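Working notes, beginning with the structure itself.
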Amino acid sequence: MTDDAGGRPPGRRVAVVSGGSRGLGALLVERLLTDGWTVATFSRSPSEFVEKTAATAPEHFLWDQADLTDFKALRQFVRDVTRRFGRIDLLINNAAVLDGQQLFLTERPERIAAGITANLTGPIVLTQACARVMSLGGQGQIVNVSSINAIRGYRGVAVYAAAKAGLNGMTRALARELGPMNIRVNSVVPGFFESDLTTNVTDTNRERIQRRTPLGRIASIDEIADAVSFVVSPHASFITGQSIVIDGGITC
Ligand SMILES: NC(=O)c1ccc[n+]([C@@H]2O[C@H](COP(=O)([O-])OP(=O)(O)OC[C@H]3O[C@@H](n4cnc5c(N)ncnc54)[C@H](OP(=O)(O)O)[C@@H]3O)[C@@H](O)[C@H]2O)c1
13 MTDDAGGRPP GRRVAVVSGG SRGLGALLVE RLLTDGWTVA TFSRSPSEFV
63 EKTAATAPEH FLWDQADLTD FKALRQFVRD VTRRFGRIDL LINNAAVLDG
113 QQLFLTERPE RIAAGITANL TGPIVLTQAC ARVMSLGGQG QIVNVSSINA
163 IRGYRGVAVY AAAKAGLNGM TRALARELGP MNIRVNSVVP GFFESDLTTN
213 VTDTNRERIQ RRTPLGRIAS IDEIADAVSF VVSPHASFIT GQSIVIDGGI
263 TC
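The opening residue of the sequence shown carries number 13 in our numbering; numbering runs sequentially from there.
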C-alpha cells in the first residue's frame, strides 16, 4: 500500500487505523506495515493480532485501548500518536459496531444514540483531530469505511445505515474543505464480507446475498482491502470526495 507522492515531507509515513485489532482493520494494519508505514490503531480490547504485531514491530506499531464513544480518549490517542511519531499522513475510519438486526419500531432511543455515537460522531471527532495534524503537515488522506447500507435500503439496520450515510456525507463535505490543504477524503463502500461483524448473518441470508450478487459470490476481505489500498495509492491521486462501492454489483 503506497501513498500519494505529492507534497509530503520525507520520512516514514504514519497511518491511524481505527479498529485495527481484527477483521478488515487488522488486515489494513498488516498491509500498511508491510508497505513501510508506521501504524497506530485502537480498539476497545486487544487481540492476538495486536499482541503479535506489537512484539514483531515495536518501533512502528502502536495499539491503545480507546472507545469510539469516548471523545476525550480519541483526542488523547491522536495527541499520543503525534507526540510519539511526529505526524499523521493517513486516517482510516474503519471501526464500527453492528449489534445484530434491530426492529426499528421497538428500538430504544438510548440504543439509537449509542449507534450514531459509535459509528458517526466518534469517527467525526477522530477525523477532526487527525485532520488538524495533517493540515500542519500540508498533506494527508482520510478514508472512511462505509457500507452499502448507506446507499440501499435493508431491513433492521436503520441506525447503522444512517450513520454510514452520514460518513459518506462527511466525505464529500470534507473533500471540499480540506482539498485546498492537499488532503484527499474518500469513502469505500463494501458489501457483505466475512468477519466478526457479520457472524450473526444466517446461512439463508448469506445464500440470498450470493444469489443477488451479479458476480455470484461473496467478497473476500482481501478484495475490500484492495480497494482501500487503491484509494490510498498514487493511482488515486486525483480522486477525492468519492464513495467507491465494492459489492460484486449487488447495488447496481
Ligand atoms: N463485514 C461486513 O460485511 C461489512 C460490510 C460493509 C461494511 N463494513 C464495515 O467495514 C468496517 C470493518 O468491519 P469488520 O467487518 O472488519 O468489523 P469487525 O471484524 O467487527 O472489527 C471491528 C473493529 O472495530 C473495533 N471496534 C468496534 N467497536 C468499537 C468501538 N466502540 N470503539 C473502538 N473500536 C471499536 C473492534 O475492536 P473491539 O471490539 O475490541 O473494540 C474491531 O477492531 C466497519 O466500518 C464496517 O461497518 C463491514
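Where is the CB? At the ideal position from N, CA and C, for every residue including glycine. All values derive from a computational prediction rather than experimental measurement.
- In the structure shown, ASN106 adopts coil according to DSSP, grouped into three states.
- Residue pairing by DSSP places ALA85 in no beta bridge whatsoever.
- DSSP places ARG43 within a helical segment (H, G or I) once states are collapsed to three.
- Your pair ILE128 and THR139 does not check out as a contact, with CB atoms roughly 15 angstroms apart and the cut at 8 angstroms.
- In chain order, VAL29, GLY32, VAL51 and THR53 place their CB closer than 6 angstroms to the CB of VAL41, counting only its own chain and leaving out the 5 sequence neighbours on each side.
- The closest CA to that of LEU209, considering only GLY23, GLY35, ALA27 and ASN198, is found on GLY35.
- Across the structure, ASN198 and GLY181 are spaced so that their CA atoms are roughly 10 angstroms apart.
- Counting other Cβ atoms within 10 Å of its Cβ, LEU179 reaches 16 or more and is therefore classed as buried.
- For the pair LEU80 and GLY134, the CB atoms are nearer than the 7 angstroms cut-off.
- Across the set THR211, ILE233, ASP234 and PHE204, the C-alpha of PHE204 shows the shortest separation from the C-alpha of ARG220.
- Per DSSP, the unbroken beta strand (DSSP E) holding SER55 starts and ends at 50-55.
- Nearest to PHE97 by C-alpha distance, out of VAL171, ALA143, THR46 and ARG25, is ARG25.
- Per DSSP, ALA141 is one residue of the alpha helix (DSSP H) stretching across 134-149.
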